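Protein chains in written order, with our numbering: chain A, 1 to 300; chain B, 301 to 600.
C-beta atoms are modelled at their ideal positions from N, C-alpha and C, and glycine is treated no differently.
Keep in mind it's a predicted model, so treat the numbers as computed, not measured.
For reference, the structure is listed below as structure tokens.
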């Protein structure tokens with residue numbers, strides 16, 4: 001079995017969708033525990049305006065305080081030049097930019113047209129590459145937009161290629177609103193992997209409608225070997241309106257372990273990291289695996 | 301695409317795992333709404349001792365009060381002769397018996413050895429068939445036992461054949477504790493479908509560890525065409541200890557619809573039936589699809 005890379009987004013995509021403000025010390029302990037669990041990449045924060053995302057206001061402090069485990073890379077989201085400068089001075093060498101496959105979503109999310117955002121990211125990526133960074137790109141709403149509905153497959157292919165052309169080593173094709181189903185995933189990947197090698201793609205599924213794992217399973221058939229997930233399902237409480245529904249790292253690991261894939265990650269160490277953070281969140285985490293570990297669970 | 305039969309177990313397997321006692325009138329309204337949604341089979345109650353399962357004490361009243369929609373069959377669980385007599389006198393013509401693939405689970409769940417339970421069911425099934433009933437059998441803990449751990453594949457095959465031999469038209473191979481993963485599902489079905497036609501099997505997955513849908517997806521490759529699920533995920537709140545984790549009918553439909561399978565069931569009508577019952581339960585239902593319908597959901 002080939003090995004699968006789990007790209008951990010809990011501290012960034014997860015936490016930025018949590019209402020409770022988490023202390024810097026708790027974030028650092030969480031990230032260090034995820035490192036120790038063997039995760040090969042952890043996205044630790046976003047260098048965005050604190051006015052937009054108060055949860056990410058301590059990006060510098062987090063990046064400076066975490067232990068750097070050999071074997072784990074630490075990435076951060078950077079929306080622009082200023083974010084890149086901040087990230088570089090905080091010692092980040094893996095940065096991520098995020099474009100949208102939907103014009104309306106792009107304008108509402110980052111207040112730029114898709115074309116303007118690509119022009120911006122081209123400059124950011126060039127400087128990041130010049131500084132010796134690796135650059136990753138997210139392509140959000142690739143399977144559907146909350147405002148526009150369906151997204152044209154040609155648009156997804158064109159933007160994925162555009163993001164690679166600006167120097168991204170990997171494009172995380174993202175189901176931001178969790179509408180994708182395995183039939184659509186197959187159709188998208190059949191077309192996309194004819195144009196872009198599967199090894200340069202990651203898939204980022206949200207579990208909003210419960211489809212994340214079956215979509216991962218469908219993606220494996222196309223040779224996709226990197227999947228994004230969030231420890232504990234952080235950021236995605238299905239019982240809260242507005243839940244983003246992040247796929248839980250533990251649930252992804254439970255499935256991949258059962259299919260015989262190597263990940264190098266300890267599922268129980270990830271679960272322990274999630275459990276340690278859980279009391280700070282004000283609600284239970286959504287990971288099925290985490291819930292099933294409670295003593296009385298699963299014996300009906 | 302072939303069509304898939306959804307065997308709705310919410311009013312029985314779902315409700316018997318809910319703490320709140322639901323009134324007969326609410327159960328009848330729920331079942332009628334599920335019928336109207338187009339579900340081809342609804343398991344409406346269990347003719348078990350009210351001392352064991354107080355939620356099922358009104359089995360007769362429920363069976364007599366529900367509307368019988370042409371095109372929907374109404375089944376009930378019967379553990380023994382007395383249960384069968386009660387079911388027949390309440391007008392039930394589809395009955396289900398339940399055996400376990402684990403000796404310890406059988407003794408703890410129904411206080412009988414597996415062999416004794418089969419001898420019992422043979423008599424029950426013969427009488428049911430003589431009375432013109434269809435007989436279904438559940439084989440619980442087929443993918444793992446909470447007490448014994450792994451269950452031998454040979455045991456699963458032998459018991460599935462034994463249950464067919466006593467006259468069951470279908471055996472619902474059940475992952476009672478929700479431990480199965482698609483690799484195991486493939487291994488079990490590869491062996492099992494060599495001995496028993498896939499058309500005589502149903503798969504009954506619990507979502508305790510989030511694997512139910514990806515296990516359904518794996519089963520589809522073997523020609524399995526009947527899956528059990530519970531409207532709203534009734535009986536399986538992942539936030540409660542002891543959650544059984546029933547697969548939600550809405551989530552199953554959302555996936556099957558996306559794969560192009562015909563079911564004849566309206567997803568929004570099932571969701572409406574679940575939503576109408578939800579205020580009586582004391583907690584939110586676990587169906588992802590149901591949660592994603594809330595106005596603010598899924599737009600992160």
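CA-CA distance, residue i and residue j?
| i | j | result |
| --- | --- | --- |
| residue 229 (chain A) | residue 41 (chain A) | 11 Å |
| residue 524 (chain B) | residue 434 (chain B) | 19 Å |
| residue 318 (chain B) | residue 581 (chain B) | 7 Å |
| residue 126 (chain A) | residue 590 (chain B) | 44 Å |
| residue 555 (chain B) | residue 527 (chain B) | 12 Å |
| residue 120 (chain A) | residue 97 (chain A) | 10 Å |
| residue 600 (chain B) | residue 16 (chain A) | Confidence is the limiting factor: at residue 600 (chain B) the pLDDT is only 32, short of 50, which leaves the residue's position unreliable, though a coordinate-based value still follows. In a straight line, the C-alpha of residue 600 (chain B) is about 10 Å away from that of residue 16 (chain A). |
| residue 343 (chain B) | residue 482 (chain B) | 26 Å |
| residue 91 (chain A) | residue 279 (chain A) | 30 Å |
| residue 27 (chain A) | residue 50 (chain A) | 16 Å |
| residue 486 (chain B) | residue 165 (chain A) | 40 Å |
| residue 231 (chain A) | residue 246 (chain A) | 9 Å |
| residue 174 (chain A) | residue 312 (chain B) | 38 Å |
| residue 533 (chain B) | residue 268 (chain A) | 26 Å |
| residue 123 (chain A) | residue 32 (chain A) | 32 Å |
| residue 283 (chain A) | residue 512 (chain B) | 24 Å |
| residue 218 (chain A) | residue 196 (chain A) | 17 Å |
| residue 429 (chain B) | residue 339 (chain B) | 24 Å |
| residue 118 (chain A) | residue 99 (chain A) | 7 Å |
| residue 193 (chain A) | residue 205 (chain A) | 17 Å |
| residue 45 (chain A) | residue 37 (chain A) | 19 Å |
| residue 656 (chain B) | residue 414 (chain B) | With chain B covering only 301 through 600, there is no way to say anything about residue 656 (chain B). |
| residue 93 (chain A) | residue 9 (chain A) | 16 Å |
| residue 467 (chain B) | residue 363 (chain B) | 24 Å |
| residue 379 (chain B) | residue 411 (chain B) | 11 Å |
| residue 302 (chain B) | residue 551 (chain B) | 19 Å |
| residue 288 (chain A) | residue 408 (chain B) | 25 Å |
| residue 55 (chain A) | residue 286 (chain A) | 20 Å |
| residue 292 (chain A) | residue 404 (chain B) | 21 Å |
| residue 158 (chain A) | residue 275 (chain A) | 41 Å |
| residue 406 (chain B) | residue 488 (chain B) | 21 Å |
| residue 370 (chain B) | residue 484 (chain B) | 38 Å |
| residue 203 (chain A) | residue 563 (chain B) | 29 Å |
| residue 72 (chain A) | residue 253 (chain A) | 17 Å |
| residue 447 (chain B) | residue 214 (chain A) | 29 Å |
| residue 520 (chain B) | residue 74 (chain A) | 39 Å |
So which of the options has the shortest CA-CA distance to residue i?
| i | options | result |
| --- | --- | --- |
| residue 14 (chain A) | A:187, A:207, A:197, A:158 | A:207 |
| residue 522 (chain B) | B:532, B:531, B:491 | B:491 |
| residue 177 (chain A) | A:163, A:152, A:143, A:200 | A:143 |
| residue 4 (chain A) | A:116, A:155, A:249 | A:249 |
| residue 22 (chain A) | A:53, A:100, A:130, A:37 | A:53 |
| residue 30 (chain A) | A:293, A:272, A:284 | A:272 |
| residue 365 (chain B) | B:520, B:325, B:458 | B:325 |
| residue 48 (chain A) | A:264, A:179, A:95, A:261 | A:95 |
| residue 169 (chain A) | A:153, A:155, A:138, A:263 | A:138 |
| residue 307 (chain B) | B:411, B:565, B:577, B:459 | B:565 |
| residue 102 (chain A) | A:89, A:149, A:88, A:131 | A:149 |
| residue 156 (chain A) | A:287, A:172, A:167 | A:172 |
| residue 436 (chain B) | B:500, B:516, B:310, B:588 | B:500 |
| residue 68 (chain A) | A:76, A:87, A:35, A:88 | A:35 |
| residue 77 (chain A) | A:262, A:71, A:87 | A:87 |
| residue 451 (chain B) | B:431, B:479, B:463, B:432 | B:479 |
| residue 261 (chain A) | A:216, A:106, A:198 | A:216 |
| residue 163 (chain A) | A:146, A:147, A:145, A:140 | A:140 |
| residue 558 (chain B) | A:253, A:210, A:160, A:276 | A:210 |
| residue 277 (chain A) | A:263, A:292, A:235 | A:235 |
| residue 89 (chain A) | A:106, A:131, A:73 | A:131 |
Name the DSSP beta bridge partners of residue i, please?
| i | result |
| --- | --- |
| residue 249 (chain A) | Per DSSP, none; premise fails for residue 249 (chain A). |
| residue 470 (chain B) | B:436 |
| residue 449 (chain B) | B:445 |
| residue 306 (chain B) | B:527 |
| residue 45 (chain A) | A:76 |
| residue 394 (chain B) | B:375, B:434 |
| residue 100 (chain A) | A:140 |
| residue 262 (chain A) | A:3 |
Would you check whether the ligand ZN has a heavy atom nearer than 6 Å to the C-beta of residue i?
| i | result |
| --- | --- |
| residue 183 (chain A) | Among the components of this structure there are no ligands whatsoever, and the ligand ZN is therefore not found. |
Continuous alpha helix (DSSP H) assignments of at least 4 residues falling wholly in the stretch 169-224 of chain A
If one requires a minimum length of 4 residues, the alpha helix (DSSP H) runs lying completely within the stretch 169-224 of chain A are 182-195, 212-220, in chain order.
Quick check: the stretch 52-60 of chain A against the stretch 79-94 of chain A, are there 3 or more CB pairs under 8 Å?
yes
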